[in-house]
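Everything on this sheet refers to the single structure shown next.
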Amino acid sequence: MAYWVLNTYTRPNLSTEFYIRRTIGEIKTESAIGSKIVELEEAGKLTHYSIHYSEDTLTQKVKIGFDSKETYDAFKTYCDGQEEFTTLKSDFLTNHGINESYVESESEPSV
2 MAYWVLNTYT RPNLSTEFYI RRTIGEIKTE SAIGSKIVEL EEAGKLTHYS IHYSEDTLTQ
62 KVKIGFDSKE TYDAFKTYCD GQEEFTTLKS DFLTNHGINE SYVESESEPS V
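Right, dumping it as structure tokens:
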């Protein structure tokens, strides 16, 4: 059964950069997590990856679809072991006043 995660980042103002500042193509080629995304896509286990912005561009939503909760859990475990996802991300969000929330679901979230 498909499994989804929707990360929402809200920045305090337009002059603050989002945590995810690269295009999807750049993410896939310039980071360890991006390499894992490509690996899962090629295996048919990652079915969707997109980045959306609110009309006022203060909110960024990253929606990822997986073929199963097990694949998501394995991806999350992998990400939790990567400095770019843990320490660097935490420091960036804190230092720039960006709020993060996420929702996990078996049904596709709307953005």
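Read in order, the letters of the sequence shown correspond to residues 2 to 112 in my numbering. Ideal Cβ placement from N, Cα and C applies to all residues, glycine included.
In the same chain as residue 13, and ignoring 5 residues on each side of it, the C-beta atoms closer than 7 Å to its own belong to 98, in chain order.
Excluding sequence positions up to five before and after residue 93, its CB lies within less than 6 Å of the CB of 20, all in the same chain and listed in chain order. Secondary structure at residue 11: strand, using DSSP grouped into helix, strand and coil. Here DSSP, grouped into helix, strand and coil, assigns residue 43 to helix.
The beta-carbon separation of residue 51 and residue 64, rounded to 5 Å, stays under the 8 Å limit for a contact.
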